[in-house]
Amino acid sequence: MFKMISVDESFCICPGLLNNLIESSQCLQGRPKGVTPKYSLAPLVPRLTELLGIQVVKADDCIGPEVEKLVASLPEGGVLLLENVRFYKEEEKNDPEFAKKLASLADLYVNDAFGTAHRAHASTEGVTKFLKPSVAGFLLQKELDYLVGAVSSPKRPFAAIVGGSKVSSKIGVIESLLEKCDILLLGGGMIFTFYKAQGLSVGSSLVEEDKLDLATSLLAKAKAKGVSLLLPSDVVIADKFAPDAESKVVPSTSIPDGWMGLDIGPDSVKTFNEALETTQTVIWNGPMGVFEFDKFAVGTEAVAKKLADLSGKGVTTIIGGGDSVAAVEKVGVANVMSHISTGGGASLELLEGKELPGVIALDEALVAA
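UniProt numbering applies: residue 1 is where the sequence shown begins, and numbers increase by one.
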């Protein structure tokens, strides 16, 4: 039996991905424009060989006669790594002929690439039209279990923490979570749009002027649904957007002109921690401040530490991809969280309640046997 497994670059060297014997894998890495040597998958071969304990063979292409010869000569239990499918523009165009050529190399298809499941590409959606069964791998199934299962039917109280710089990038997530959560904590640059919508002065903080009415409607929606929506009561402000900026803590109602908010303040951290103490399920997506600058990373790191503490007490803690993952890794608590999503855009779209093309193309998202 010749299997084809689709993974993205962060999974290719992950032992958890390869806990079954896989006879073939196809990968996508980077965003090359045609054949780009630096995006070749050749460097993965030694690590895959080490993890699997058998010599991995790499093809110089992902389709064509030479690849077909390698497939035909592959011994039972052998592993063939196909070259980066993004070397072909047909991959991202989901070209049917390209997908058919990929599919011709295998007898069945396993998708374990959650990070690309929101894209209808040839290797994530197209091949499923030509390969049956087409099923989810263990990692993809785990992502669905947590980001769909645990969020749709959570142990309560259920809290959602949403951060990030712009309301516009999290509208769908906030609206979807307001239908499900009991507590919603907001942080990051988006809070200043909410402050201004409430008539507060925000100095030179980031504000999306065209989203003020939306912010007002979200606050009203939370109140109508009985969701406890908490905005930071104090913020760390700076005189410029720089790691060495002068900074100070002020109430959210007293941001002076010429200053910008770059993190949540200590009182807000305390309030958020107290609110989270009552929860049984927490999902976090987005930083509380500009955590790339150490001076303004305190709020984000405090949330990461609190979730680690809660996880140790049996609370289900889900890190919903993106910068939140970087934050828990930076603090060194990633290993204690219940689940850390490997997706960026895929995580957001799933939390928004959208269907992912790479998932709905599968046979009921069955786990690979």
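The beta-carbon is built from N, C-alpha and C at its ideal position, and this holds for glycine as well. Here the structure is a predicted model, which is why all the values come from computation and not from measurement.
Length of the line joining the Cα atoms of residue i and residue j
i: I237; j: A245; result: 9 Å
i: F272; j: A122; result: 44 Å
i: residue 370; j: K89; result: It is not possible to answer for residue 370, since the shown part of the chain is limited to 1 through 369.
i: V325; j: A334; result: 8 Å
i: D210; j: P287; result: 22 Å
i: L147; j: K240; result: 37 Å
i: K295; j: V249; result: 12 Å
i: V303; j: S73; result: 53 Å
i: S338; j: T281; result: 10 Å
i: P43; j: E50; result: 12 Å
i: E92; j: L276; result: 41 Å
i: F293; j: G322; result: 17 Å
i: residue 393; j: T342; result: In the structure as shown, the chain starts at 1 and stops at 369, and residue 393 therefore has no counterpart that could be examined.
i: L200; j: G332; result: 36 Å
i: V269; j: V290; result: 15 Å
i: T278; j: V85; result: 47 Å
i: K330; j: S247; result: 22 Å
i: residue 372; j: D61; result: Outside the displayed range of the chain (1 to 369) lies residue 372, so it cannot be described from this structure.
i: K223; j: A103; result: 51 Å
Burial state of residue i, where buried means 16 or more other Cβ atoms lie within 10 Å
i: P75; result: exposed
i: F192; result: buried
i: T253; result: exposed
i: A327; result: buried
i: residue 371; result: Given a span of 1 to 369 for the chain in the structure shown, any question on residue 371 remains unanswerable.
i: E349; result: buried
i: K313; result: exposed
i: Q141; result: buried
i: P154; result: buried
i: D257; result: exposed
i: D234; result: buried
i: P37; result: exposed
i: S152; result: exposed
i: T128; result: buried
i: S205; result: buried
i: G187; result: buried
i: L34; result: The displayed chain sequence assigns Gly, not Leu, to residue 34. Exposed, by the Cβ-count rule.
i: A242; result: exposed
Identity of the residue in the options nearest residue i by Cα
i: K170; options: L262, V328 and G189; result: G189
i: D363; options: L81, S134 and E91; result: S134
i: L184; options: S347, L231, F293 and G53; result: L231
i: F130; options: Y109, S311 and P243; result: Y109
i: V359; options: N111, K132, G64 and E92; result: N111
i: V202; options: I255, P243 and Y39; result: I255
i: K132; options: S176, S217 and D107; result: D107
i: residue 401; options: L144, L186, G149 and A150; result: Past the edges of the chain, shown from 1 to 369, lies residue 401, and the structure says nothing about it.
i: F87; options: V127, P251, Y39 and G64; result: Y39
i: K100; options: A136, I63 and A120; result: I63
Neighbourhood of residue i by C-beta distance below 7 Å, restricted to the same chain and skipping five residues each side
i: C181; result: F158, A159, A160 and V227
i: V173; result: V162, N285, L348, L351 and E352
i: V167; result: M190, T193, E208, K211, L214 and A215
i: V298; result: D263
i: residue 394; result: Since the displayed the chain opens at 1 and closes at 369, residue 394 lies outside it and no answer follows.
i: T317; result: V282, L307, L310, S311, M337 and S338
Residue(s) in a DSSP beta bridge with residue i
i: S247; result: A238
i: F158; result: T281
i: S73; result: DSSP output for S73 lists no bridge partner at all.
i: residue 370; result: Coverage of the chain is limited to positions 1 through 369, which leaves residue 370 absent and any answer about it impossible.
i: H339; result: I318
i: V56; result: V79
i: residue 371; result: Within the shown structure, residues of the chain are numbered from 1 to 369, placing residue 371 beyond reach of any answer.
i: residue 373; result: Residue 373 cannot be examined here, being either before or after the span of the chain that is shown, 1 to 369.
Contact set for residue i: own chain, Cβ-Cβ below 8 Å, skip 5 residues either direction
i: A59; result: E66, V67, L70, L80, L81, L82 and E83
i: L219; result: F194, A197, Q198 and L229
Neighbourhood of residue i by C-beta distance below 6 Å, restricted to the same chain and skipping five residues each side
i: G345; result: H118
i: V336; result: A308 and S311
i: V56; result: V45, L48, T49, V79 and L81
Residue-chain proximity (residue i, chain B), Cβ-Cβ < 8 Å
i: F114; result: Of the protein chains in this structure there is only one, and it is not chain B.
heavy atom of the ligand ADP below 7 Å from residue i C-beta
i: G344; result: Inclusion of the ligand ADP in the displayed structure is not the case, the ligand content being empty and no account of it being possible.
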